[in-house]
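Data first, discussion second: the structure below is written as structure tokens.
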Amino acid sequence: MVARGARIAAGVVGVVAVAASIGVAFFVPLPSVTAEPRSTVVDPTPAAEVRACPGGLVRLSDDSGQDATAISSIGAPTVTDYVNVSPDPLTTEQLASPDDRAGRADAAPVRVALPAGAQDGDTLFGAGQAQVAGTPEISGLAVASCTQPTSDTWLVAGATTTGRTSFVILANPQDVAAKADIAIFDEKGQVEAPGARGIDIPARSTRILSLAGLAPDATSPVLHVTTTVGAVTAAVQQSVVRGLEPGGVELAGPSAPPSTEATVPGIEITSSAAISGRLADADEGDLQSILRLYLPGTEPAAVRIHIQGETEGSASTDYQVGLTPGVVTDFPLQDVPDGTYTVTLESDHPVVTAARTSRVDGSSPDLAWFPSVQAQAESFVAAVPAAAASRIHLYNPGDSELSVTVTGSAAPASVTIPAHSTRFIYLDSGQGYRVESNGPVAASLSFVGDGRLAGMGLMPPDAASPPVLVYG
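Numbering follows the numbering used here, in which position 469 of the sequence shown is assigned residue number 693; successive positions increment by one, without gaps.
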């Protein structure tokens, strides 16, 4: 019994000792081992900053008027580029254009590049093109901005109904191949277009596609171009023939991406009396000025449309519009007198938009597309293509007055812009300008002449790639 009691006592002592050790472990800090992961900050290797211009106007036929499935150019545009440093470091070269059966080298899209060695924080450049056509099926003025390649572009323009011809122009000015998809929407909803997926665009090359082959009989198309590989620039060429009369041509560039707020400055509404006398003919209905709107997603939206003249003291008009998701709406800008206007939108869901107007005062009508634009930084440049009389339109989206100075070939011009208002300045075509303001400003160019009308948005450049923190 004494021995058994001794063993029990020893066991109890052992249990207590273990319990005490465990208790101490809860209160005594344990040693820790930490290691900082190895990391390196990598600055992306500077590359040339590039823009691509859409190239010459095209048609469906060859030079003899035969082969209605062939795409061929009908002339060459004039490209204007501008950089705010001297000497001019820009380089230009033609891109390959295998879809152009005419094979004119001077009609091919142009690559404009700022070499990496010439870039610094103050170097700004831009480019644009202009072309006047005068064939039996294509007549009028077309201008376009030369834009940066991107992986996501919205195009709000075009039509493929009888007498309306549209092309999609995809340019890849970079040194790697790209692959693009085009989602197409119209007044009926999304268009099933298997041929619009997986489009290969080789490096430093261009693809031109007939929109009628992808979306036939579309009155109001909107295109969303995305890339799965690389990046591209995109534009829509639209031309009109009414009976035997050419009805104008335009090269429409990108609109601002979907947003609950949108701005379309510089909308030129002209020759309203002549147009109103022709609207009774069903084939002339698209002479009417319209605002094209598309609402992505699945939720309906209420949109406030504010139309404001660009001269001091101009009257304004407001409309309320309900949009159905997934379909395109052409809202008529009727009862708006001749003048220059800025349209601003406020929506409870993001929308994309652009405006179309026409001019009837020359030998044949002309049409223009004015895209929505994003606000620019306080300093940017405008390369004005050599075309008809041109103006830059400057919209102040802020709540405070802006002072803007435009410097170019002539003496600097300055303008004061009240909050949420637009002012314009006349520019010389074929010239470059630097624009400086004390706040963000949205800008576009318009071109008006005898039987000539065109519009061009000025988009802000993409931000430079930031340094990357790499672990390993």
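Cβ atoms here follow ideal geometry from the backbone N, Cα and C, with glycine treated the same way.
Worksheet item: DSSP on Pro418, reduced to helix/strand/coil?
Response: helix
Item to complete: May I ask you to report which of helix, strand or coil DSSP gives Ser463?
Response: If DSSP states are grouped into helix, strand and coil, Ser463 belongs with the strands.
Discussion item. Comparing C-alpha positions only, which one of Val672, Gly656, Ala678 sits nearest to Val309?
Written reply: Gly656
Discussion item. Tell me the residue span of the beta strand (DSSP E) that contains Leu591.
Written reply: Counting along the chain, the beta strand (DSSP E) containing Leu591 begins and ends at 590-595.
Worksheet item: Would Ser582 be called buried (16 or more neighbouring beta carbons within 10 Å of its own) or exposed?
Response: buried
Worksheet item: What is the C-beta distance between Ala366 and Ala678, in whole angstroms, given that I count them as a contact (C-beta under 8 Å)?
Response: Right, their Cβ atoms sit about 6 Å apart.
Item to complete: Buried or exposed for Asp510, please, with buried defined as at least 16 other CB atoms from any protein chain shown within 10 angstroms of its CB.
Response: Within 10 angstroms of the beta-carbon of Asp510 lie 16 or more other beta-carbons, which makes it buried.
Discussion item. With H, G and I counted as helix, E and B as strand and the rest as coil, what does DSSP make of Ser661?
Written reply: Secondary structure of Ser661 (DSSP, three-state): strand.
Discussion item. Which of the three DSSP states is assigned to Ser540 in this structure?
Written reply: DSSP places Ser540 in strand when its eight states are reduced to three.
Worksheet entry | Span separating the alpha-carbon of Ser390 from that of Ser495 | 25 Å
Practice prompt. Give the C-beta separation of Gly439 and Ala417 to the nearest angstrom, bearing in mind that I take them to be a contact with Cβ-Cβ under 8 Å.
Written response: Sequence check: residue 439 is Ala here, not Gly. About 6 Å; that satisfies the 8 Å criterion.
Worksheet item: Nearest to Ser434 by alpha carbon, out of Phe594, Ser285, Ser670?
Response: Ser285
Practice prompt. Return helix, strand or coil for Ile491, following the three-state DSSP convention.
Written response: Here DSSP, grouped into helix, strand and coil, assigns Ile491 to strand.
Discussion item. Less than 9 Å between the C-beta atoms of Ala455 and Trp378, yes or no?
Written reply: no
Worksheet item: If you compare alpha carbons, which of Pro426, Val336, Asp346, Gly364 is closest to Gly352?
Response: Val336
Fill in: Sufficient close CB pairs (3 or more, under 8 Å) joining the stretch 469-480 to the stretch 537-552
no
Discussion item. Our contact map puts Pro278 next to Ile406 with C-beta atoms below 8 Å; I'd like the distance itself, whole angstroms only.
Written reply: So it is not a contact: roughly 16 Å between Cβ atoms.
Item to complete: With Gly358 as the anchor, note down where its beta strand (DSSP E) starts and where it stops.
Response: 349-358
Worksheet item: Looking at the structure shown, is Glu703 part of a helix, part of a strand, or coil, going by DSSP?
Response: Lying outside 225 to 696, the shown extent of the chain, residue 703 is not represented and no answer is given.
Practice prompt. Could you spell out where the alpha helix (DSSP H) holding Gly437 opens and where it closes?
Written response: 435-438
Discussion item. Buried or exposed for Met683, going by 16 or more other Cβ atoms inside 10 Å?
Written reply: buried
Worksheet item: Taking Cβ positions, are Ala607 and Asp305 nearer each other than 9 Å?
Response: Between Ala607 and Asp305, the C-beta spacing is below 9 Å.
Worksheet item: Can you tell me whether Ala249 is buried or exposed, with buried defined as 16 or more other CB within 10 angstroms of its CB?
Response: Caution applies to Ala249, whose pLDDT of 45 falls short of 50 and renders its modelled position unreliable; the value that the coordinates give is listed next. Exposed, because fewer than 16 other Cβ atoms sit within 10 Å of the Cβ of Ala249.
Worksheet entry | contact_flag[the stretch 599-606, the stretch 497-514] where n(CB pairs < 8 Å) is 3 or more | no
Item to complete: Tell me whether Leu626 sits in a helix, a strand or coil according to DSSP, three-state version.
Response: In the three-state scheme derived from DSSP, where H, G and I count as helix and E and B as strand, Leu626 is classed as strand.
Fill in: C-beta atoms of Leu557 and Leu515 nearer than 9 Å
yes
Worksheet entry | Integer-rounded CB distance, given that Ile362 should sit under 8 Å from Pro470 | 6 Å
Fill in: Glu399, buried or exposed, once every other Cβ within 10 Å from all chains shown has been counted against 16
Here the sequence assigns Asp to residue 399, which means Glu is not the residue at that position. The residue in question, Asp399, is exposed, as its Cβ has fewer than 16 Cβ neighbours within 10 Å.
Discussion item. So for Gly382, helix, strand or coil by DSSP?
Written reply: coil
Worksheet item: Taking Thr374 as the reference, which of Thr316, Val449, Asp346 has the closest Cα?
Response: Val449
Item to complete: From the DSSP output, in three-state form, read off Glu508 for me.
Response: helix
Fill in: Which of helix, strand or coil DSSP assigns to Asp330
helix
Worksheet entry | Terminal residues of the beta strand (DSSP E) in which Ala678 lies | Start and end: 676-682.
Discussion item. I need the boundaries of the beta strand (DSSP E) containing Ala497, first residue and last residue.
Written reply: For Ala497, no beta strand (DSSP E) run applies; the uninterrupted alpha helix (DSSP H) run containing it begins and ends at 496-500, by DSSP.
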